[in-house]
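S.K.: Residue 2 is where the sequence shown starts when you use my numbering, and the numbers rise one by one after that.
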Amino acid sequence: MDRIYLASWLMPDFKEEDDAVEFFRTFSVCKQVKRATLQASAMGVYSARVNGERVSYVLAPGWTAYEFRVQYQEYDVTHLLRESNTLSLTAAAGWRTPNRFEGNKVFRNYGGPEIKGNEYAVIASLLITYTDGTEELIRTDESWLSRKTKWRYCDIYKGDLYDETYEESVHPVRVIRHPKGLLVPQQGEIIAEQERLKPVSAILTPKGERVLDFGQNLVGYLSFTLTVPKGARLVIDHAEVLDRDGNFYNANYRTADARITYIGDGKEHTWKPEFTFYGFRYIRLTELPESMTVDPAAFTAIVVHSDMERTGYFECSDERINQLYHNIIWGQKGNFLDVPTDCPQRDERLGWTGDAQVFARCAAYNFNTKRFFDKWLTDMALEQRPSGSIPHIIPRLDWASCACGWADAATIVPWQIYLLYGDKELLRKSYTMIKRWIDYMYAQGDAYIGGKHFGDWLSHDAEDPNSCRGGTDSKFIALAFRAYSTSLFLRISEILGIREHHDYREKLDKTKERIRTEYFKDGMVDLATQTAHVLTLKFELCEKDKLQAHADRLADMIRKNGDRLTTGFLGTPYLLHMLTAYGYTELAYTLLFQTKCPSWLYSVERGATTMWERWDGIREDGSFQDVGMNSFNHYAYGAVGDWLYGAVAGIETVEEHPGFEHIRFCPKATVRLNYAKASVKTKYGTVASEWHRENGKTVYTFTAPDGCHATAELGGTVHELEGGIHIFTEDTPSA
Ligand code: BGC
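See the structure below:
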């Protein structure tokens, strides 16, 4: 049995605020140790140390639906034990921090009356096995002590206050009866420190402020080695961007102070946060003791994210597209921190379902996200309301409503993970949740369809320029996504061998019929937005013989809009795919290469190093979009990455043989590029596709792992391929 269940949950014996408290005990070891295994967890986040050496993962135990479960972690600490030892766990509220987002609290009083608000608790066991076969168990209990620490506060949004001069004091602990049944072994990827970046420049801004630029919008924390005079304050603020005058700007963090205050003791220390994280590219030395000069080399930015294996790579001959791809990758790094978040910097950083849904496919090419999403979907199933509705955010806020295109993450995410990794297990595990979600939509009928939705969030076609909900009728979108989710549910049922779903087919047909009755004229969707046409095509809402006509009209609308898109969160992910599928590949490329707003390269040309939340986060005149919602690290529009893999390089999944057991090579070479290449590491081996120009020819090289079957679609011909390397040559069309 896992020994952690024999330990007790501990809280401090005093009222803690936003600080971190250390829980510890000492013990001796008199015999030879064969193995020592620490299991630890917290309601909050913890750092575990054995004899002062930190052994725990970053921000452990991670973020789950704490009401239902909290993960514990296991560490081999054999090499750290000596004769006399100290085992300690320092904890802070972490993701249990009451969030100021819209006045809500992220966390209700999870899991019993004893842990409230921003309080926290720890639990741990250390099993020592001696070489003589005997065992000893050290576990959290009333004999432990607690210590007020130099971390005077550490709050995910507010930041850190660390005081080297603080006189730490020792107190008893309080054993609480928090349920131990909540403890589950680590399910997701651990969070780990991944990269270290040094400042690329030191800037004195027009306002006279000292700013360091790390050259990359990133998520993690600073580390610095400095001697700060005794009692003096070093105050550091974080920002993603500078304003048009070159001044430090972080008003877009809203109420998140994201500030480090460090009080020195006159000695040199190397310091870094342990209980929070920051989204930033720039830091401002807001307060610097007079006697101090700053060497930028004293600062390092440590990038942290979930420890997923990088699987996908893409490159082409256009540096701007490569920068876009880079921004997509960094958007994922910054927002895959145990939970897929909308953004990592402002007073939000939440598991928004809609954002995750649109990006899940691209994310699964870039990195192996199977384990990451498996964990998040487990929390989604736990958080599903008794009615079957899926909260906007997982782990959830206390909101009752659910929205189309957001809640549909319940069907779309498991489906995309299945297509990319070919594993039925996740479909099986998610099946009940999916069915309950589908049943909810039909049971609620118009109360849901006509309810409050986010619509085609942040699209550029809303009549009211201040509306974020886009110009496409939200009832239409709700019906469209109901149809799509129902069709995925039917496919998933079939894959799992569950065939009694005749009535859902009928429901799907009726939903489509209703869409046609209410929103169609002469067989065509009668809504004048690009997204309405994209969704009609992707979800096949019209009769088959009208699909091409919809694509033609979509192309026409784009051209009439000066070759620009207008789509928001829900239309954008499918836009280029639909153009390609219906013969408008060059127009899709025109959108990809477009630099006028709205477009992907617009932000690239303005120096973006991550994806922006809004197409026009920085306007043409250099001013910022509405400060109320303007993140520069939001992965949603990065969904275009799956078109880079799937169409530009041409590595596509095959639904009947998912996980790249069969590979569809279908590159769309364009005269606008001299080469493009991508590779994806799959469970069968690495799949690669490359094309380049050579003496008036386009040369394609496809690599399929042994044992895989592939097709290559070139010039209207489908070639059947087995594992191995295959080279094809075509005449390059003139531009
Ligand atoms: C988030 C989004 C999210 C949206 C809901 C925003 O505040 O940052 O990305 O999906 O709310 O519409």
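Yeah, the Cβ is synthetic: ideal placement off N, Cα and C, and Gly gets one too.
Between W458 and the ligand BGC, is the CB less than 7 Å from at least one heavy atom?
M.R.: On the sequence shown, residue 458 is found 457 positions in, with the first residue counted as 1. Yes, the beta carbon of W458 sits closer than 7 Å to at least one heavy atom of the ligand BGC.
S.K.: On the three-pair Cβ rule with 8 Å, is the segment 549 to 557 touching the segment 582 to 589?
M.R.: A contact exists between the segment 549 to 557 and the segment 582 to 589.
S.K.: Which of the three DSSP states, helix, strand or coil, is assigned to I493?
M.R.: Taking the sequence shown and counting its residues from 1, the one referred to as residue 493 is at position 492. Three-state result, I493: helix.
S.K.: For L715 versus E731, is the C-beta spacing smaller than 8 Å?
M.R.: For the purposes of this step, residue 715 is taken as residue 714 along the sequence shown, with counting starting at 1. For the purposes of this step, residue 731 is taken as residue 730 along the sequence shown, with counting starting at 1. Contact: yes.
S.K.: In whole angstroms, what separates the C-alpha of A556 from that of T573?
M.R.: Your numbering for residue 556 matches position 555 in the sequence shown. Your numbering for residue 573 matches position 572 in the sequence shown. Using only the alpha carbons, I get a separation of about 14 Å.
S.K.: Please name the residue in A252, A240, S126, W692 whose C-alpha comes closest to that of Q40.
M.R.: Reading the sequence shown from its first residue, position 39 is the one you call residue 40. That would be S126, whose Cα lies nearest to the Cα of Q40.
S.K.: State buried or exposed for I726, treating a residue as buried only when at least 16 other CB atoms are found within 10 Å of its CB.
M.R.: Walking along the sequence shown from the start, residue 726 turns up at place 725. With fewer than 16 other Cβ atoms within 10 Å, it is exposed.
S.K.: Nearer than 7 Å: is that true of the beta carbon of C31 relative to any heavy atom of the ligand BGC?
M.R.: The sequence position of residue 31 within the sequence shown is 30, counting from 1. Answer for C31: no, Cβ out of range of the ligand BGC.
S.K.: Work out the CA separation of G563 and S600 for me, nearest whole Å.
M.R.: Taking the first residue of the sequence shown as 1, we reach residue 600 at position 599. Taking the first residue of the sequence shown as 1, we reach residue 563 at position 562. Straight-line Cα distance between these residues: approximately 12 Å.
S.K.: I want to check one thing, is the minimum distance from the CB of G355 to the heavy atoms of the ligand ZN below 7 Å?
M.R.: Of the ligands one can find in the structure shown, namely the ligand BGC, none is the ligand ZN.
S.K.: Count the other CB atoms within 10 Å of the CB of R311; is the residue buried (16 or more) or exposed (fewer)?
M.R.: Indexing the sequence shown from 1 puts residue 311 at position 310. It counts as exposed.
S.K.: On the criterion of 16 or more Cβ atoms from any shown chain inside 10 Å, does D465 qualify as buried, or is it exposed?
M.R.: By one-based count along the sequence shown, residue 465 stands at place 464. With fewer than 16 Cβ atoms within 10 Å of its Cβ, D465 is classed as exposed.
S.K.: Assess, as a yes-or-no matter, whether the segment 212 to 227 is touched by the segment 299 to 309 under the definition of 3 or more beta carbon pairs within less than 8 Å.
M.R.: These segments touch.
S.K.: DSSP state of D77, grouped into three classes?
M.R.: On the sequence shown, position 76 is the one that residue 77 refers to. In the structure shown, D77 sits in a strand (DSSP, three-state: E or B).
S.K.: Rounded to whole angstroms, how far is the Cβ of Y575 from the Cβ of V535, which I believe are closer than 8 Å?
M.R.: Taking the sequence shown and counting its residues from 1, one reaches residue 575 at position 574. Taking the sequence shown and counting its residues from 1, one reaches residue 535 at position 534. Sure, about 5 Å apart at Cβ, within 8 Å.
S.K.: Would you check if the distance between the CB atom of L184 and the CB atom of Y6 is smaller than 8 Å?
M.R.: Here the question's residue 184 lines up with position 183 in the sequence shown. Here the question's residue 6 lines up with position 5 in the sequence shown. Yes.
S.K.: According to the neighbour-count rule (16 or more other Cβ atoms, all chains shown, within 10 Å of its Cβ), is H80 buried or exposed?
M.R.: Translated into positions along the sequence shown, residue 80 becomes position 79. It is exposed - the Cβ of H80 has fewer than 16 other Cβ atoms within 10 Å.
S.K.: Consider the C-beta atom of D343 and the heavy atoms of the ligand BGC; say whether any pair is separated by less than 7 Å.
M.R.: Mapped onto the sequence shown, residue 343 falls at position 342. Yes, the Cβ of D343 comes within 7 Å of a heavy atom of the ligand BGC.
S.K.: For A448, does the three-state DSSP call read helix, strand or coil?
M.R.: By 1-based counting over the sequence shown, the position of residue 448 is 447. Three-state DSSP puts A448 in a helix.
S.K.: Going by beta-carbon coordinates alone, are N253 and R362 separated by less than 8 Å?
M.R.: Here the question's residue 253 lines up with position 252 in the sequence shown. Here the question's residue 362 lines up with position 361 in the sequence shown. No, the pair does not count as a contact, with Cβ atoms beyond the cut-off.
S.K.: Which residues in the same chain have their Cβ closer than 6 Å to the Cβ of D308, if we skip the five residues on either side of it in sequence?
M.R.: Within the sequence shown, the letter at position 307 stands for residue 308. Excluding positions up to five away in sequence, the list reads E190, I191, A193.
S.K.: Could you have a look at I728 and say whether DSSP puts it in helix, strand or coil?
M.R.: Within the sequence shown, residue 728 is the residue found at index 727, counting from 1. Three-state DSSP puts I728 in a strand.
S.K.: For the 8 Å Cβ check, are there 3 or more pairs between the segment 696 to 715 and the segment 656 to 671?
M.R.: These segments touch.
S.K.: Would you say the segment 447 to 461 touches the segment 472 to 480, given that touching needs at least three Cβ pairs under 8 Å?
M.R.: Yes: at least three Cβ pairs fall under 8 Å.
S.K.: Less than 7 Å between the CB of M630 and some heavy atom of the ligand BGC, yes or no?
M.R.: Residue numbering aside, residue 630 sits at position 629 when the sequence shown is read from its first letter. Because some heavy atom of the ligand BGC lies under 7 Å away, the Cβ of M630 counts as near it: yes.
S.K.: Does the pairing of the segment 321 to 340 with the segment 633 to 640 give three or more beta-carbon distances under 8 Å?
M.R.: Touching, per the Cβ criterion.
S.K.: Kindly list the residues whose CB is nearer than 7 Å to the CB of K35, restricted to its own chain and excluding five residues on each side of it in sequence; keep chain order.
M.R.: The residue given as residue 35 occupies position 34 in the sequence shown. Hits under 7 Å: T130, Y131, T132.
S.K.: Can we count F455 as close to the ligand BGC, meaning its CB is less than 7 Å from some heavy atom?
M.R.: Residue numbering aside, residue 455 sits at position 454 when the sequence shown is read from its first letter. Checking the Cβ of F455 against the ligand BGC gives yes.
S.K.: Measuring straight from C-alpha to C-alpha, what distance separates A122 and G45?
M.R.: Within the sequence shown, the letter at position 121 stands for residue 122. Within the sequence shown, the letter at position 44 stands for residue 45. Cα to Cα, A122 sits roughly 7 Å from G45.
S.K.: Between F249 and G182, what straight-line distance do the alpha-carbon atoms span, to the nearest angstrom?
M.R.: Here residue 249 corresponds to residue number 248 of the sequence shown, with the count starting at 1. Here residue 182 corresponds to residue number 181 of the sequence shown, with the count starting at 1. Distance between the alpha carbons of F249 and G182 is about 48 Å.
S.K.: Less than 6 Å between C-beta atoms, sequence neighbours within five positions excluded: which residues of the same chain meet that for T671?
M.R.: If you number the sequence shown from 1, residue 671 lands on position 670. Answer for T671: Y590, listed in chain order.
S.K.: Flag this pair as touching only if the segment 260 to 267 and the segment 203 to 220 have three or more C-beta atom pairs under 8 Å; answer yes or no.
M.R.: Taking 8 Å as the limit for Cβ pairs, the verdict is that the segment 203 to 220 does not touch the segment 260 to 267.
S.K.: Mapping DSSP to helix, strand and coil, what is P668?
M.R.: As a first step, residue 668 must be located in the sequence shown, where it is residue number 667. If DSSP states are grouped into helix, strand and coil, P668 belongs with coil.
S.K.: To the nearest angstrom, how far is it from the Cα of K16 to the Cα of R500?
M.R.: The residue given as residue 16 occupies position 15 in the sequence shown. The residue given as residue 500 occupies position 499 in the sequence shown. Computed Cα separation, rounded: 57 Å.
S.K.: How many angstroms separate the CA atom of N369 from the CA atom of K32?
M.R.: Walking along the sequence shown from the start, residue 369 turns up at place 368. Walking along the sequence shown from the start, residue 32 turns up at place 31. Straight-line Cα distance between these residues: approximately 43 Å.
S.K.: If the criterion is Cβ atoms closer than 8 Å, does the pair Y646 and A677 meet it?
M.R.: Position 645 of the sequence shown, counting from 1, holds the residue named residue 646. Position 676 of the sequence shown, counting from 1, holds the residue named residue 677. Cβ distance not < 8 Å, so Y646 and A677 don't count as in contact.
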